[in-house]
Each structure stands twice: as C-alpha cells, then as structure tokens.
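In the numbering used here, the protein residues as written are 131 to 383.
No residue lacks a Cβ here, since even glycine has one placed at the ideal position from N, Cα and C.
One structure is given here, and the rest of the page talks about it.
The following block contains the structure:
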C-alpha cells in the first residue's frame, strides 16, 4: 500500500501470496490471498483486522471493490466451476450474474451503488456491464473491440474506465456521458485503465513498445477544456513500475 509517499507491505498471515485490489476513503482495503493449498480467497482489511470474504460453497473467491459504505463486490467460483459475481452488504451475499452469461465478475462499486464488471457471453465473447440500481444491466462494448474489460473503475459520477482488445492492440478507455474516449499511453503497445476518482484522475498501466522494458504504471489527469483524446493522452505522467495484473478475477475461458 502506498500512503503519504511511503510503501507499506500488506500480507495476510500464513498466506503464500497477497494481492490488494481496492481501498475506500475510510482506509478499508479488499483483495485476495492464496492459502497453503494454492487456493485463492477474498479478504477485507479493516482496522488492522483481516476478514475472509467468501460465499458459502465457493471454491475460490476474489474481493475486487469496496465503497465508503463498506459494500464489497467480487467474484467466486462454485463447485461446478462456474464464475459468478457477488455483492456483500450487511453480512449477506447476493450473486450477480449477467443473464445468459457463462461467467460473470463484479469488479467495482461506487457510493451510489452502481456496479461494474465483465462477463463471458453465450458465444464466448468477453464484454463488460454496468449494473444499475434497479438490478438491470447496461452492456459496455468499446467501438471496434473484440473484448471489453472493466477491471475496476467507476467513480461516484458514473464515469467508467477500462480497456479493450482490438485488431490494433489493447487500448484504455473512459466512458463518460455515453461517450468513449480512448486512452493510449505515449509509446505504449498496450494500455490498461483500471481506476478513476471523482476528479476524473485515471490510474492504470501500460506495456512500452521499446524492447526489454517492463510494464509501467500511469496517472492521467483531465486536460483543460475542451477535453479531447489528444489532450487526455498527453496528460499522462508520474510513471511508476508495477507488477503484472491482467486480469485478476477474470472469468476463466
């Protein structure tokens, strides 16, 4: 965890591996850990205490997002090997399944209660969704995409970030007011947009096109009006190294 310019390691006691996926404004953190049997489980870290977040009967789980009310979304695999999204609120798990989907993952939730994630449809295509407050789904398909991933990015204004695969490569995107803006880090062969705050500051990662280079992180800030693709792409700065992430909690093929 990075806070106040300092890095603090977060390790679930006894775990072989610990991964953090989200944090709310109260400092509550969610993620996953791998036990000694090599099985992944979701967790909540709150007030220095770890709590496993996993629906009854799940074989694996990931806690992917948390809002300021402590409502958690994630993904679990059932005994039959099917992946489902979930909402954990008030001590109760609610499955989230896109109708007709082979697999569903819930990746982020805002303070309004809107949930985003991605799913594998009946034809085997990866698409994304917004789950509305009435429980209905709005599908998110980036123009020209062969697969669209919202891996964990919706702010309280309803702006959404993600990435998509296309014949020209992997690109990040911002979806705001029904309009898609492509996000490509300069010199990148692949860009992934992962998170967005209420100032429309976007974080993510990219793979440089230069040989023998590692994946880097980025922070993108909105450019002065008018906000255009060129201005947004040019606003990338503060590059940091980051580990491989794609795609935590992705529905299995």
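Once the 5 residues before and after residue 140 are set aside, which same chain residues still bring their CB inside 8 Å of it?
131, 148, 150, 159, 161, 175
Go to residue 312, then tell me how far its beta strand (DSSP E) extends in each direction, as first and last residue.
It spans 309 to 313 - the beta strand (DSSP E) in which residue 312 sits, taken as one unbroken run.
Please report how far the alpha carbon of residue 348 lies from the alpha carbon of residue 185, in whole angstroms.
34 Å
From the DSSP secondary-structure annotation, give me the bridge partner or partners of residue 171.
163
Extent of the continuous beta strand (DSSP E) to which residue 242 belongs:
That residue, residue 242, is in no beta strand (DSSP E); it is neither H nor E in DSSP.
Just to confirm the assignment, what range does the beta strand (DSSP E) spanning residue 179 have?
179 to 183
Using CA coordinates, which residue listed in 338, 230, 268, 236 is at the minimum distance from residue 308?
268
Identify which residue in 246, 230, 155, 164 has its Cα closest to the Cα of residue 237.
246
Within 10 angstroms of the Cβ of residue 235, are there 16 or more other Cβ atoms? Answer buried if so, exposed if not.
buried
According to DSSP, residue 257 sits in a beta bridge with which residue or residues?
249
Rounded C-alpha distance that separates residue 293 from residue 319
Cα to Cα, the separation comes out at about 13 Å.
Helix, strand or coil at residue 147 [DSSP, three-state]:
strand
Buried or exposed, going by whether 16 or more other CB atoms sit within 10 Å of the CB of residue 259?
buried
Determine, using beta-carbon pairs with one atom in the region 222 to 234 and one in the region 190 to 201, whether at least three such pairs fall under 8 Å.
no
Quick one: using the 10 Å Cβ neighbour count with 16 as the cut-off for buried, is residue 301 buried or exposed?
By the neighbour-count criterion, in which a residue is buried when 16 or more other Cβ atoms sit within 10 angstroms of its Cβ, residue 301 is buried.
So the beta strand (DSSP E) residue 208 belongs to, where does it begin and stop?
First-last for residue 208: undefined, no H or E at that position.
If distances are taken between C-alpha atoms only, which option among 288, 167, 314, 282 comes closest to residue 295?
Residue 295 has its Cα closest to that of 314, out of 288, 167, 314, 282.
Counting along the chain, where does the beta strand (DSSP E) carrying residue 217 start and finish?
213 to 219
Bridge partners for residue 152 per DSSP, in chain order?
BP columns for residue 152 point to 160.
Do you know how far the Cα of residue 321 is from the Cα of residue 342?
17 Å
Which residue wins for smallest C-alpha separation from residue 262, given the options 274, 275, 155, 242?
242
Under three-state DSSP, which class holds residue 319?
strand
Determine the burial state of residue 191: buried for a count of at least 16 other Cβ atoms within 10 Å of its Cβ, exposed for fewer.
buried
Inter-residue spacing [alpha-carbon to alpha-carbon] between residue 144 and residue 167
11 Å
Cβ pair residue 193, residue 178 closer than 8 Å
no
Where do the N-terminal and C-terminal ends of the beta strand (DSSP E) with residue 296 fall, by residue?
290 to 296
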